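**Q**
Chains as they are written, first to last, in this note's numbering: chain A, 1 to 352; chain B, 353 to 704; chain C, 705 to 1056; chain D, 1057 to 1408.
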């Protein structure tokens, strides 16, 4: 059993990490931290653990990067669910003292410090960007083996990357034509109340946000798509906020290259994900629903081709908090440790 | 006061017509029909009118096209909220006896009987397709004047057409590059229970449907876009079903032509809709939310341009049952009668 | 046309007042105030009025009670949608200069300043408590005529009072046995974001609040029930927060007195509300749904009797923002002015 | 590993059983049956298992009671998620051939065949009613040991019974005064589409149903409460349908006996459930939310006392499909087999 700490345990990805770590046969949660809620018991902060022995009584701590060395004797690995910037500092401190780090923020996902700088501001530990491994197990499995610093991918990026990667790899779409319409539940916005998430104004409407190429996860998505293709890819990316808590549906559009058929798209995906137990390519006319993966680590993907316009439509559906954050972090950890990829992960959705 | 009949009063567009006709100062609802619910009182079928004097006690009738002549003495105009096919027959029968018809089905929207045939099957009254006026007041105002047979547009079509028309008219987008991602509440699926609309499987997930160019309203949309451009337009159209009752958000993507800027797009729309009280072009960074038009006849439109990819993103937001069906039908009627376009229509949304 | 000001126009009851005043044939909205949002245009604060001529451009002002006299030339009457305490001061200032006041807060509802003091703190204008008329038109119609200071009732109180009053009046229930379980949508909590209304934590669960007799509207409810009975009534009142925006369903339980049958309960209600166009007593086995009154001024009531336990169950269903606040305020105004009680009020729900 | 069959695997309790059995370390799902869906693969019927090895490919069978003997070699135990009547016959057939049965229907819950008859019609196997053990582990733990025929309790009953039992046992409430207001999500209504569960008419409203003592689970609840008290108890029970998928909140009201205080109520519950890992008594002012137990086997209970009316309010909150059906069935199985009560059960909620 590895001893685990979760830094930033009071938010939604923290809550999901707690749920998943508790069920994982090789992990034991021994330490939780949350800046503003330090001094409270976990059961006071996460109502989902009320009554659970050991968990509910865990005391939330304050994590100070400069005192990371004190944790060496307490934990073997740490999950970071912190805001960007803070996460980079915490990750470096823990990594430097030899604690394995799985960072769920954006801080170690980008390989290019200049791109990070334009998007988030100066990086506090740019020297680690090359060390960190991008934690998308399906596309970085070999690198993840024994990785000590893992950058768990973003939720919008995961949903788009999984269906698009096979199409780029097999030259089925024009890489200069990609349009991504990403529909997300509101839990991705975090646990802090705000007008955009106030039930009366969020529960019965849909709206776009961060349009015109302004969403901060675009550089991450383009980095990964470019890596798959072997040359630079730029995408048009527009997210919309839906009246639901969990789930992302990505609808990606691209001009079909001559070899593209619906069957060829599915075949490319099946081949790419042949040994990937947590990606399912839907057959024939089936189309994904985010409800079908709620609470599970699975990603569903599907393809359609409009024969009149020769546009490919690629769909991805995940739970943003599970596959889009916490479960994918554990999946990457599993790979890094040489454990079965699905170890301890929920494979069946909470349905309905 | 004109005497009004609603044929197909038991469904959701029927319910919305009842609400709107009741508030309209020039209309009096005197006759309602609904095949399966004939013999019941309206208050038994539409819980929204329980307790409303006169309305709740109206008896639902069976409408038989062959007995249309008997209605001449009872009603001046009829709204049809029937399935396609049935609506064509009802519309012809009423038109032939001189009753003004506003048809909310797809039956009189297409100008080309062959296109109708490929989409819905043989048209029972193809000779009327040229007579019927497409009831989009903003784009067909002159033709609507004195129109006796009005085909109220479809909800997805309205949401896409309003933001795209100005861009095509002003040559701001490449007409061969249009991708439309249309997000709709489930009330558009009608009042008959089905697994896709069963709350436990519809309330907390999102899913695409009718993908790959298969949605039946594509020919209607292409007809209208082509008319605006003056040459044939084809679009890639993908609808998704959202966990909410009312509202459609259209996100349309197209390659910018050199003249396109966000400001130029807005200016084109403001110019196109300068005298249109029920279309509002949002300013600067504002983006529409379907909640902001719930229950109202208004359409909100907005534009963004991704400077990196030179893609224009055009947004439209409406209430699918109000602007997307029943209110637009009344708006077209107002224009046909020479009344103020907004007469009797709800201009303020039910918020929140 | 009377000139109307709305003080506190930026919240949900303010939004609903704007919608209703706009449709009212005898009222013209000329002045809006909202402390924190002063200086903005109404269309920036209430997205429901975006695009509406005149309304969207109205500038929000700051209302200062000491300058109430300046308003005499601008408005004939004011609706107050302010927090308690502030509302009492604003109401007094306006009343003193001769402007008719309809106060939607709790400040002028209680007749006993001591009870107010125990519930909310010292009343700033106790001398007006006897002057103010409790604005429940069905139960205070005569007093409302020409009333200059109207206290619009609370939403939970309205939903419980309407079905219970006939039972007390006709001696059908034991007044010492009343238990009220009131289920409300979250819009009653107002427009300020807070954890309890954060969509991810409010959209898929139900929870009680203010239990054990601690809800502040209990004294108001007991005052009115006692008035109906002619002697003191105490109730057990428990509200629960439901995952929806609008609507209150009250389920009230009381021990049946010998004369009580389901039919006797209905007959009592029909008699009590014989001339009340906005209360509908459901027939036979029909039971109310809050969706059936969404956006409307109507209250639905129904009764059941458990023959095994001889308990009466009385149901009330309203829209908390419409009948429970803003529409009832206009209804009371209509009565005070001698206009038809339903003038300008929505009688048909937004369904679905 | 015991081999498990689920008869009635295509509905919601079936789906939840599949999820839970899959995670249980001592159980292996080897057989699934579903009358109308026989011949399909489980992955076609339950989208939650798409992509899950072994599960998705399981073929749905038809179960015929007369051929129960053929199952002896295939399964050790069967869960029945069938309509009442059908479940009684299936249960008897399986029991007779020596297969352990956990029945999730109402068929073996009532001890008195006459009461069953009045509620559901003649019982097909009344001789087994005394043999069957009521599967509420907290109250029937000793009897469950080695039970071969277990009747898993109903969801409304569980939610009311858990908070009320300690109060009756400790004589803290008047047993003749109990009023139960039970608020449920719509998944309890099953998977068959119907108007009451059609999203547009169910998603934004609340309504009572089966009022006046007509709900069929009242005899079951009274049987269990009477057993706790040692004499007959009758209750007034009113369910309401909420706009959400999962969860039941029970608010139960009863007149306090002299010994009752909030603290005494909590102490009674803590004592009753001292060795019950899946019942949590909330402290002090905390009140339960059904979201806090979504997908978990836990029941939350809490108490309040209105000092003015001396009414106790007892709250219970569960997930109707998990603790209210499938997880409680497994919990009872665990007890029957002598395994740890929580073995394989989800203890942490899916939050948010």
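Glycine included, each C-beta is placed from N, C-alpha and C at the ideal position.
Just so it is clear, the structure is predicted and the values come from calculations on it, not from any experiment.
1) Among the residues of its own chain, which have a CB less than 7 Å from the CB of residue 1416 of chain D, if the five just before and after it don't count?
2) Chain A partners of residue 469 of chain B, CB-CB under 8 Å?
3) Go ahead and pull the three-state DSSP assignment for residue 1384 of chain D.
4) Taking buried to mean at least 16 other C-beta atoms within 10 Å of its own C-beta, is residue 1203 of chain D buried or exposed?
5) What are the start and end residues of the beta strand (DSSP E) that includes residue 1166 of chain D?
6) How should residue 262 of chain A be labelled, buried or exposed, when 16 other C-beta atoms within 10 angstroms of its C-beta is the threshold for buried?
7) Per the contact definition of three or more C-beta pairs closer than 8 Å, is the segment 1285 to 1303 of chain D in contact with the segment 1011 to 1018 of chain C?
8) Taking residue 57 of chain A as the query, report the chain D residues whose CB atoms sit under 7 Å from its CB, ordered along the chain.
9) Can you tell me the Cα-Cα spacing of residue 1251 of chain D and residue 397 of chain B, whole angstroms?
10) In three-state terms, what does DSSP make of residue 984 of chain C?
11) Mind checking residue 39 of chain A: buried by the 16 CB within 10 Å criterion, or exposed?
12) For the alpha helix (DSSP H) containing residue 1078 of chain D, list its first residue and its last residue.
13) Suppose only complete runs of 3+ residues qualify. What are the beta strand (DSSP E) ranges in the segment 554 to 604 of chain B, listed by chain order?
14) Determine the DSSP secondary structure at residue 1114 of chain D, reduced to helix, strand or coil.
15) Going along chain B in order, which residues have a C-beta closer than 8 Å to the C-beta of residue 240 of chain A?
16) If you draw a straight line from the C-alpha of residue 278 of chain A to the C-alpha of residue 1108 of chain D, how long is it?
17) Can you tell me the Cα-Cα spacing of residue 13 of chain A and residue 101 of chain A, whole angstroms?
18) Between residue 1359 of chain D and residue 550 of chain B, which are expected to be in contact by the criterion C-beta below 8 Å, what is the C-beta distance as a whole number of angstroms?
19) So residue 1056 of chain C contacts chain A; which residues on that side make the cut at Cβ distance below 7 Å?
20) Quick check on residue 632 of chain B: buried or exposed, where buried means 16 or more other Cβ atoms within 10 Å of its Cβ?
21) Say whether chain C places a C-beta atom closer than 8 Å to the C-beta of residue 186 of chain A.
22) So, using beta-carbon positions, are residue 1261 of chain D and residue 951 of chain C closer together than 8 Å?
23) Among A:68, A:166 and A:344, whose alpha-carbon lies nearest the alpha-carbon of residue 298 of chain A?
24) For the beta strand (DSSP E) that residue 535 of chain B lies in, which residues bound it at each end?
25) Can you tell me which residues form a DSSP beta bridge with residue 1146 of chain D?
26) Looking at chain D, is there any beta carbon in it that lies within less than 8 Å of the beta carbon of residue 22 of chain A?
27) Are the CB atoms of residue 27 of chain A and residue 42 of chain A nearer to each other than 8 Å?
28) Quick one: which residues of the segment 1262 to 1289 of chain D get their C-beta closer than 7 Å to a C-beta of chain C? List them in chain order.
29) Leaving out five residues on either side along the sequence, give the residues of the same chain with a beta carbon under 7 Å from the beta carbon of residue 374 of chain B.
30) Whose Cβ in chain C lies nearer than 7 Å to the Cβ of residue 202 of chain A?
31) Given a cut-off of 8 Å on the beta-carbon distance, is the pair residue 1031 of chain D and residue 1222 of chain D in contact?
32) Where DSSP assigns a beta bridge to residue 355 of chain B, which residues make up the other side?
33) Check whether the Cβ atoms of residue 508 of chain B and residue 534 of chain B lie closer than 8 Å to each other.
34) Less than 8 Å separating the beta-carbons of residue 863 of chain C and residue 1022 of chain C?
35) Just to confirm, are residue 954 of chain C and residue 867 of chain C a CB contact at a threshold of 8 Å?
**A** Working from what's here:
1) The structure shown does not extend to residue 1416 of chain D, since chain D spans only 1057 to 1408, so no value can be given for it.
2) Here residue 469 of chain B corresponds to residue number 117 of the second chain, with the count starting at 1. Within 8 Å Cβ-Cβ: nothing; residue 469 of chain B doesn't reach chain A, min ~17 Å.
3) Here residue 1384 of chain D corresponds to residue number 328 of the fourth chain, with the count starting at 1. In the structure shown, residue 1384 of chain D sits in a helix (DSSP, three-state: H, G or I).
4) On the fourth chain, position 147 is the one that residue 1203 of chain D refers to. Taking every protein chain shown into account, the CB of residue 1203 of chain D has 16 or more other CB atoms within 10 angstroms, so this residue is buried.
5) Mapped onto the fourth chain, residue 1166 of chain D falls at position 110. Boundaries for residue 1166 of chain D: no beta strand (DSSP E) harbours it, and the DSSP string shows neither H nor E there.
6) Counted from its first residue, the first chain places residue 262 of chain A at position 262. With a 10 Å radius around the Cβ and a threshold of 16 neighbouring Cβ atoms, residue 262 of chain A comes out buried.
7) Contact between the segment 1011 to 1018 of chain C and the segment 1285 to 1303 of chain D is present, because at least three Cβ pairs lie under 8 Å.
8) For the purposes of this step, residue 57 of chain A is identified with residue 57 of the first chain, where counting begins at 1. Result: empty, since nearest Cβ-Cβ is about 13 Å, beyond 7 Å.
9) One-based indexing of the fourth chain puts residue 1251 of chain D at position 195. One-based indexing of the second chain puts residue 397 of chain B at position 45. Rounded to whole angstroms, residue 1251 of chain D to residue 397 of chain B spans 12 Å at the Cα level.
10) Mapped onto the third chain, residue 984 of chain C falls at position 280. Three-state DSSP puts residue 984 of chain C in a strand.
11) Translated into positions along the first chain, residue 39 of chain A becomes position 39. So residue 39 of chain A ends up on the exposed side.
12) By one-based count along the fourth chain, residue 1078 of chain D stands at place 22. For residue 1078 of chain D, the uninterrupted alpha helix (DSSP H) run begins and ends at 1068 to 1079, by DSSP.
13) Entirely contained in the segment 554 to 604 of chain B, the beta strand (DSSP E) runs reaching 3 residues are, in chain order, 588 to 593.
14) Translated into the one-based positions of the fourth chain, residue 1114 of chain D becomes position 58. Residue 1114 of chain D falls in the coil class under three-state DSSP.
15) As a position in the first chain, residue 240 of chain A is number 240, starting the count at 1. By Cβ distance, chain B contributes 535, 601 and 603.
16) By 1-based counting over the first chain, the position of residue 278 of chain A is 278. By 1-based counting over the fourth chain, the position of residue 1108 of chain D is 52. Whole-angstrom Cα-Cα distance: 9 Å.
17) Reading the first chain from its first residue, position 13 is the one you call residue 13 of chain A. Reading the first chain from its first residue, position 101 is the one you call residue 101 of chain A. Between residue 13 of chain A and residue 101 of chain A, the C-alpha separation is close to 15 Å.
18) In the fourth chain, residue 1359 of chain D corresponds to position 303, counting from 1. In the second chain, residue 550 of chain B corresponds to position 198, counting from 1. The Cβ separation is near 36 Å, so there is no contact.
19) What you label residue 1056 of chain C is simply residue 352 of the third chain in a count that begins at 1. Those within 7 Å of residue 1056 of chain C in chain A number zero; the least Cβ separation is about 11 Å.
20) For the purposes of this step, residue 632 of chain B is taken as the residue at position 280 of the second chain. A residue is called buried when at least 16 other Cβ atoms come within 10 angstroms of its Cβ; residue 632 of chain B meets this threshold and is buried.
21) Residue 186 of chain A sits at position 186 when you count from the first residue of the first chain. Under the Cβ distance rule, residue 186 of chain A counts among the residues neighbouring chain C, one pair being separated by less than 8 Å.
22) If you number the fourth chain from 1, residue 1261 of chain D lands on position 205. If you number the third chain from 1, residue 951 of chain C lands on position 247. For residue 1261 of chain D and residue 951 of chain C, yes; Cβs fall inside 8 Å.
23) For the purposes of this step, residue 298 of chain A is identified with residue 298 of the first chain, where counting begins at 1. Minimum Cα-Cα distance from residue 298 of chain A among the listed residues A:68, A:166 and A:344 corresponds to A:344.
24) Walking along the second chain from the start, residue 535 of chain B turns up at place 183. That run of the beta strand (DSSP E) goes 531 to 536.
25) The sequence position of residue 1146 of chain D within the fourth chain is 90, counting from 1. According to DSSP, residue 1146 of chain D shares a beta bridge with no other residue.
26) For this step, residue 22 of chain A is matched to residue 22 along the first chain. With respect to chain D, the C-beta atom of residue 22 of chain A has a partner C-beta closer than 8 Å.
27) In the first chain, the residue the question calls residue 27 of chain A occupies position 27. In the first chain, the residue the question calls residue 42 of chain A occupies position 42. By the CB criterion at 8 Å, residue 27 of chain A and residue 42 of chain A fall outside the cutoff.
28) For the segment 1262 to 1289 of chain D, which is checked against every Cβ of chain C, the residues closer than 7 Å are 1262, 1263, 1264, 1265, 1267, 1268 and 1269.
29) Walking along the second chain from the start, residue 374 of chain B turns up at place 22. So the list reads 381 and 407, once near-sequence residues are dropped.
30) Here residue 202 of chain A is taken as the residue at index 202 of the first chain, counted from 1. Within chain C, the residues near residue 202 of chain A are 903.
31) The question about residue 1031 of chain D has no answer here: the residues shown for chain D are numbered 1057 through 1408.
32) Taking the second chain and counting its residues from 1, one reaches residue 355 of chain B at position 3. For residue 355 of chain B, the beta-bridge partners assigned by DSSP are B:380.
33) Counting from 1 along the second chain, the entry for residue 508 of chain B is found at position 156. Counting from 1 along the second chain, the entry for residue 534 of chain B is found at position 182. The Cβ atoms of residue 508 of chain B and residue 534 of chain B lie closer than 8 Å to each other.
34) Position 159 of the third chain, counting from 1, holds the residue named residue 863 of chain C. Position 318 of the third chain, counting from 1, holds the residue named residue 1022 of chain C. A distance below 8 Å separates the beta carbons of residue 863 of chain C and residue 1022 of chain C.
35) Within the third chain, residue 954 of chain C is the residue found at index 250, counting from 1. Within the third chain, residue 867 of chain C is the residue found at index 163, counting from 1. Yes.
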